[in-house]
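Position 291 (the sequence shown) corresponds to 291 in this note's numbering; numbering is contiguous.
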Amino acid sequence: MRPDRYLRMGAAVRRVGMTATSGFATAAQRCPDSPGLIDERGTLTWKQIDDRCDALAAALQAQSGGVPKTIAVMCRNHRGFIEALVGSNRIGSDVLLLNTSFAGPALAEVVEREGADTVIYDEEFTAIVDRALEGRPDTTRILGWTDRTDAPLTVDKLIERHAGQRPQPSERKSDIILLTSGTTGTPKGAKRSAGSGGTGDLKAVLDRTPWRAEEPIVIVAPMFHAWGFSQLLFAALLACPIVTRRRFDPEATLELIDRHSATGLAVVPVMFDRIMDLPEDVRNRYSARSLRFATASGSRMRPDVVIKFMDQFGDVIYNNYNATEAGMIATATPADLRAAPDTAGKPADGTEIRIVDEDFNEVPTGETGQIFVRSGTLFDGYTSGTTKDFHDGFMASGDMGYLDAQGRLFVVGRDDEMIVSGGENVYPIEVEKALSAHEEVSEATVLGVDDEQYGQRLVAFVVLEAGASTTPDALKQHVRDNLANYKVPREITVLDELPRGSTGKILRNELRNS
């Protein structure tokens, strides 16, 4: 770029502050008239995005109740989400990103705990928000997406009223509050300030994944989640046009890649499953030849799907193991995945991984233990004031796994997922792999339930391939033929589909309570 562009980018950062979202301001100086966002409402240039975010920020500052302290955002992937995020960031308000799958009680608990005094949400979530805000009449409500023209307070109307305005500089530092997955209860809020790992995360990604500045990326991973959120910020920092849509559709995703010649795709793993579940003749309509990377995180990837996708669309999948609390931990390149399709990859540059036993002693290569990590991208702590368990400067990831002789990490499950049945330790993933290896099983999940005789017993839930004729008894025998007898599930239930959250993780508690 010309030197004056760098000067203007530096001035933009000074104006908006060194925040998590400052990439949107620098992109507006780097390539102001280039496409910045393409969603279902059309295209916005980087300058248009920057101006709209400034206008919303000025509007939020002008609210009668004063500058909001914490703004909760419950929006799908669209311009309103980005404008709410960036605008709030620019006035020093903390930004609480809410899961769009929340039910009323969980939402109410999180909003109350985090002290949100403004909520920006899509109209489809009105009933849930109304229920969550009962007894909180002073909370400001703003619609981020609506098809109505008579809605009283919307992001679009606030932007229109304050067009051309810029917010006053804020003396307060804005934190982004990302919610954990909540697999063991109500999601915890994890604080991420501008300095907590952003640069380290970006370096870790660029070291392994072939991003290129100003090249389009299709982001269909939910932006409220740590993974989709990080991809959004990386795209802005590199001025990569962001192509997205409010709801994931597998065929529409392939069409967006081809139409915009996208070189990147950001998904959660189950989205690969849905793409490869499309009929072959539908998949063959799209080449995706422009893709250099298809990057995923958030849950386990199915090895068979990884290979099937790369066989059709090229060796482009990058599997990322990260955590809301730790940032990027490891990345598996396409070469890693060809060699071991279920690996989480090798540690990111600057990240150390230890596999330890209950006494924090490192275990031998190939042996399973708790995964502990140390890096410069760890979070600032939970909003409750607590933090993760630490030992010798290493943070507990909450997962169990092992390293192979090549230094590749394999995650076998959460540390609270290990099942002790009749005194024997069983990791669900090995039973799930055995079940999924059956030719008539599409996918499977295994968990432990209380049992008076054994302490816990294994139960499995499977989804069968179309036209399958196998039975639970036949599947038990299949496991028995491949694993030790104590690893055979006592019960196997066939379902049409496994319940999943919006990030693709299987809702084990829902299965356990069914």
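Built from N, CA and C at the ideal position, the CB exists for glycine as well.
Quantities reported herein were computed from a predicted structural model and do not represent experimental measurements.
Same chain, Cβ closer than 7 Å to residue i, five either side skipped, listed in chain order
i, result
"L507", "P499, R500, G501"
"L278", "P250, E251"
"S514", "none"
"A163", "A55"
"S273", "The identity of residue 273 in the sequence shown is Asp, whereas the question assumes Ser. Cβ within range, chain order: R302, V305."
"A340", "R408"
"A58", "H162, Q165, R166, P167"
Contact set for residue i: own chain, Cβ-Cβ below 6 Å, skip 5 residues either direction
i, result
"T386", "The pLDDT assigned to T386 is 47, lower than 50, so where the model puts this residue is not dependable, and the model offers no usable value."
"G185", "Reliability of the predicted coordinates at G185 is poor, the pLDDT of 47 falling under 50, and the value obtained from them is presented with this limitation in mind. Excluding sequence neighbours, G185 sits near nothing in its chain."
"R172", "G92"
"F461", "T445, T493, L495, L511"
"M223", "N77, F81, F229, L232"
"C240", "E215, I217"
"E417", "P428"
"L143", "E123, A151, T154"
"D258", "Y286"
"T26", "M9, A12"
"A294", "L265, V316, I317"
Assigned exposure category for residue i - 16 Cβ within 10 Å defines buried
i, result
"P68", "buried"
"N320", "buried"
"L37", "buried"
"M271", "buried"
"Y6", "exposed"
"H391", "exposed"
"G197", "Low local confidence applies: a pLDDT of 44 at G197 is under 50, so the model's placement there is unreliable, with the coordinate-based value given in what follows. Label assigned to G197: buried."
"G345", "buried"
"Y486", "exposed"
"D4", "exposed"
"P137", "exposed"
"F360", "exposed"
"V411", "buried"
"Q477", "exposed"
"E497", "exposed"
"G23", "buried"
"P105", "exposed"
"M74", "buried"
"S261", "exposed"
"M1", "exposed"
Top-ranked residue by Cα proximity to residue i, from the options
i, options, result
"T503", "S297, S397, V459", "S297"
"K510", "L143, V446, R302, G228", "One point to set straight first is that residue 510 is Glu, not Lys, in the sequence displayed. Closest option to E510, Cα to Cα, is V446."
"I176", "A221, H260, S88", "S88"
"D51", "T126, A12, I38", "A12"
"L202", "W227, A57, V306", "W227"
"R161", "Q61, I217, R79", "Q61"
"V95", "F102, V111, E251", "V111"
"T100", "I120, G115, V494", "I120"
"A213", "L237, A221, L232", "L237"
"T43", "V373, G422, P303, R245", "R245"
"P472", "L97, K505, L435, V449", "L435"
"E440", "A468, G423, D415", "A468"
"E358", "A332, A204, G398, C31", "G398"
"D39", "V220, P137, T333", "V220"
"G65", "R90, Q48, T118", "T118"
"A348", "D342, V356, R338, A323", "A323"
DSSP-derived helix/strand/coil call for residue i
i, result
"R245", "coil"
"E497", "coil"
"G393", "coil"
"T263", "coil"
"K346", "strand"
"A437", "coil"
"V446", "strand"
"E452", "coil"
"A460", "strand"
"Y427", "coil"
"W145", "strand"
"M310", "helix"
"T515", "Nothing in the structure corresponds to residue 515, since the chain is present only between 1 and 514."
"F125", "helix"
"P222", "coil"
"M328", "strand"
"P250", "helix"
"Q61", "helix"
"E112", "helix"
beta-carbon residue i near the ligand COA non-hydrogen atom, thresh 7 Å
i, result
"L337", "Annotation note on the ligand COA: not contained in the displayed structure, which lists no ligands."
Own chain, CB closer than 8 Å to residue i, minus 5 neighbours either side, in chain order
i, result
"S34", "T45, W46, E214, A239, P241"
"R14", "none"
"I159", "R52, A55, L56, A59, E83"
Closer than 8 Å to chain C by CB, residue i
i, result
"Q61", "Any reference to chain C falls outside this structure, which holds one protein chain only."
- Task: Could you say if the stretch 359-369 and the stretch 397-407 meet the contact criterion of at least three C-beta pairs nearer than 8 Å?
- Result: yes
- Message: Pairs of beta-carbons, one from the stretch 17-24 and one from the stretch 71-89, closer than 8 Å: are there three or more?
- Response: yes
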